[in-house]
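Data first, discussion second: the structure below is written as structure tokens.
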Amino acid sequence: MANENKKINELVSDQDDEPTVEFEILPEAIREALEADRAAEAESDDNTVEFSEVDTELGDAHETISNLRADLESRADSIDKLQFDIEQLRSRWIGLEKEINVREDATNKLAEELKSAHTKQSHTDRLLEKRENEIELLESRLSSNEQSLKESARQIEKIGNKGQESESRVVELQAQLHDAEEKLSALSNESQLERSEQQATKEQAQLLAVELDNLKQEVAASRASVSGLQRDIDCRKSDWDKQDSRLLESQDKIKQLSRQLENTNEELQDSRTIQDGLNGRLASLTATRDELLKEITQLRIEAQNEDTERAAAGKKLLAEHTGVLAGKNFEISELKNQITRTETYADKLRRQLQDQLVLTDGLQTRTKYLETSLASANAEVREFSDRIEELRSGNADLIDEKSRLQENFEKELRLIRLELGEAQETVADRESLSQQLTSDLFDTRSFSSSLEIQLSAAAKENKATIAKLKRKLKKIETLNDDLNYKLSNKDNALAGMLQELTKQSKAIKSTDAIEDVIHELDDRISEQIDDRSGVERARVTRLLIGNIDGQELRFPLFKDRLTIGRTVHNDIQINAPYISRRHAAIVTDEDGTRIIDSGSKNGVYVNSKRVTEQILRNNDLVTIGSADFKFEERPKR
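Residue numbers (the numbering used here): 170 to 806.
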């Protein structure tokens with residue numbers, strides 16, 4: 170019943186169908202010894218001489234000897250049973266040791282799997298960081314392109330301002346001639362014009378002040394948003410610290426459990442030493458039992474061969490040996506009790522080990538959950554840091570614009586003041602000159618006619634230059650619109666690619682699939698960034714013509730960048746031997762069409778020569794793996 174309640178039979182292997190086979194020899198040996206004793210007893214009976222006086226005493230001796238034989242047989246059977254029970258305990262103990270070893274191997278395997286998962290996760294994090302750096306480089310390039318566009322727009326504005334200044338100068342010259350003809354009335358008109366210009370400059374100054382106020386408000390709003398983001402980052406950091414503390418607590422618990430496991434292992438080793446000691450004592454008891462059996466057989470032979478006095482001494486010795494056997498039986502019962510105690514203690518240790526394994530499994534799941542939450546928190550912190558850097562860069566740009574506007578405003582105020590001083594000086598000079606002009610009026614009429622001719626010629630030249638500048642301005646505006654349209658398309662494409670990357674990084678489980686998705690996004694970004702507007706390239710159709718498995722295939726090179734490989738993610742998929750997943754790429758630019766080896770194992774051959782990068786000419790033979798292609802350039806109809 171004890172074995173059924175403890176269920177220790179499950180620890181023994183199923184191949185051991187008969188656990189008592191190796192112990193069946195012991196009772197046969199004992200029987201053979203007893204039969205030998207009987208044969209020796211019969212021989213002693215043949216050699217004895219019948220005496221009438223000794224028959225009674227010998228009959229009593231025979232009865233005692235038969236009783237002793239029965240007792241010895243019963244004791245031998247009990248000893249055999251004890252040995253059988255001890256061997257069963259040994260087999261159970263071996264089963265427990267095997268189970269403990271299996272559990273230890275399972276824990277080691279789990280630890281190795283955790284290490285491999287950590288290494289894979291670190292590798293994927295490195296790849297994602299590389300891709301983020303590449304995306305940041307692309308964004309910096311786009312920002313530099315935007316700055317170049319802004320600079321070109323500023324240059325266009327400067328050119329327009331110069332044209333307006335030239336027109337204003339022509340108008341001013343015509344006004345001066347008209348004023349010279351109209352004498353003093355022109356002076357009054359000029360003063361009115363100067364007053365109107367002063368009012369216009371004042372209005373412009375007011376507008377600039379309003380713009381400065383608006384810029385200040387925008388800067389204050391951006392600072393408020395930056396402070397809000399800083400608060401969010403502080404909250405995230407506090408959550409991160411809490412999660413770190415939880416991780417430390419879980420690590421402490423794991424250490425405590427490992428210490429408990431070590432203690433249990435030490436206790437198991439102690440119980441093993443106790444078991445070894447019990448086995449040694451049992452072996453010594455069996456040796457003493459064998460010695461006693463030998464002594465009893467000798468005593469029987471001596472009792473049959475010797476006199477009645479020796480028979481009485483033999484009875485005394487038998488009584489002493491029976492006492493010794495009783496003491497040994499008591500020791501054997503104590504050993505049984507001690508074995509039962511060790512068995513119960515081993516069951517307790519096994520249960521404790523199972524409970525600790527359950528706790529370790531729970532802690533492992535908890536650590537995995539904490540690691541995933543920590544990774545998500547890290548991702549959010551990165552996003553917030555990126556947003557803060559963007560806002561800081563925008564704030565710096567606004568501050569630069571503010572400083573630039575202030576400098577321009579101060580410059581314009583200085584110019585206005587200088588112009589006002591010059592206007593006052595010109596008014597005083599013109600009042601003095603008005604008297605001279607009356608005398609020089611007759612002289613200046615001929616000169617005015619020549620000036621009018623020169624002014625008409627200058628006006629025509631100015632009009633021609635203004636028309637040219639307007640045409641250039643229109644062309645630049647169209648180019649600017651095209652560039653803005655392309656930039657908007659690229660921004661949308663980048664936003665879409667980033668969304669796809671976040672979606673696919675959540676759905677993908679294996680690192681190989683993550684690498685394929687990253688390579689696919691690289692190809693798409695490179696395809697979006699490549700310039701598709703080539704006038705000369707649009708006039709030529711490029712083809713790759715190949716023959717695979719007796720089937721002619723034509724691949725038109727309709728994009729500036731095409732990838733060739735064995736997987737579905739490539740633009741040209743070739744499912745043939747000796748072709749890598751990402752074998753090669755064909756790039757078309759201003760210099761021509763080039764084939765580039767993407768680090769394949771079997772390489773790329775052009776006209777039977779292995780190349781890493783080669784410009785393709787018409788009718789070149791391209792070998793990719795076991796597939797041969799012919800490159801052709803055909804003019805469009």
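Even glycine gets a Cβ: it sits at the ideal position worked out from N, Cα and C.
Owing to the predicted nature of the structure, the values given are computational and were not obtained by experimental measurement.
Would the beta-carbon of residue i fall within 8 Å of that of residue j?
| i | j | result |
| --- | --- | --- |
| residue 762 | residue 803 | no |
| residue 714 | residue 778 | no |
| residue 518 | residue 436 | yes |
| residue 769 | residue 753 | yes |
| residue 748 | residue 735 | yes |
| residue 251 | residue 501 | yes |
| residue 732 | residue 750 | no |
| residue 755 | residue 726 | yes |
| residue 773 | residue 793 | yes |
| residue 511 | residue 443 | yes |
| residue 466 | residue 497 | no |
| residue 263 | residue 522 | no |
| residue 662 | residue 743 | no |
Given a threshold of 16 other Cβ atoms within 10 Å of its Cβ, counted over all protein chains shown, does residue i qualify as buried or as exposed?
| i | result |
| --- | --- |
| residue 520 | exposed |
| residue 783 | buried |
| residue 634 | exposed |
| residue 198 | Residue placement at residue 198 is poorly supported in this model, since its pLDDT is 48, which falls under 50; the coordinates are not used for a value here. |
| residue 822 | The structure shown does not extend to residue 822, since the chain is modelled only from 170 through 806, so no value can be given for it. |
| residue 757 | buried |
| residue 781 | exposed |
| residue 626 | exposed |
| residue 766 | buried |
| residue 261 | buried |
| residue 776 | exposed |
| residue 362 | exposed |
| residue 306 | exposed |
| residue 237 | buried |
| residue 785 | buried |
| residue 568 | exposed |
| residue 640 | exposed |
| residue 245 | buried |
| residue 791 | buried |
| residue 234 | buried |
| residue 622 | exposed |
| residue 739 | buried |
Our contact map puts residue i next to residue j with C-beta atoms below 8 Å; I'd like the distance itself, whole angstroms only.
| i | j | result |
| --- | --- | --- |
| residue 258 | residue 508 | 6 Å |
| residue 401 | residue 553 | 6 Å |
| residue 526 | residue 272 | 6 Å |
| residue 265 | residue 515 | 6 Å |
ask   = Contact between the segment 442-461 and the segment 533-547: three or more CB pairs below 8 Å?
value = Because the criterion of three Cβ pairs below 8 Å is not met, the segment 442-461 and the segment 533-547 do not touch.
task = Scan the segment 508-551 and note each continuous beta strand (DSSP E) run of 3 residues or more that stays entirely inside, going in chain order.
result = As summarised for the segment 508-551, there are no continuous beta strand (DSSP E) elements at least 3 residues long confined to that stretch.
inquiry  = Which complete alpha helix (DSSP H) runs does the segment 253-313 hold, if anything under 4 residues is left out?
reply    = Complete alpha helix (DSSP H) runs here, min 4: none at all.
ask   = Where are the beta strand (DSSP E) runs, 3 residues long or more, that stay fully inside the segment 611-666, in chain order?
value = As far as the segment 611-666 is concerned, it has no whole beta strand (DSSP E) run of at least 3 residues.
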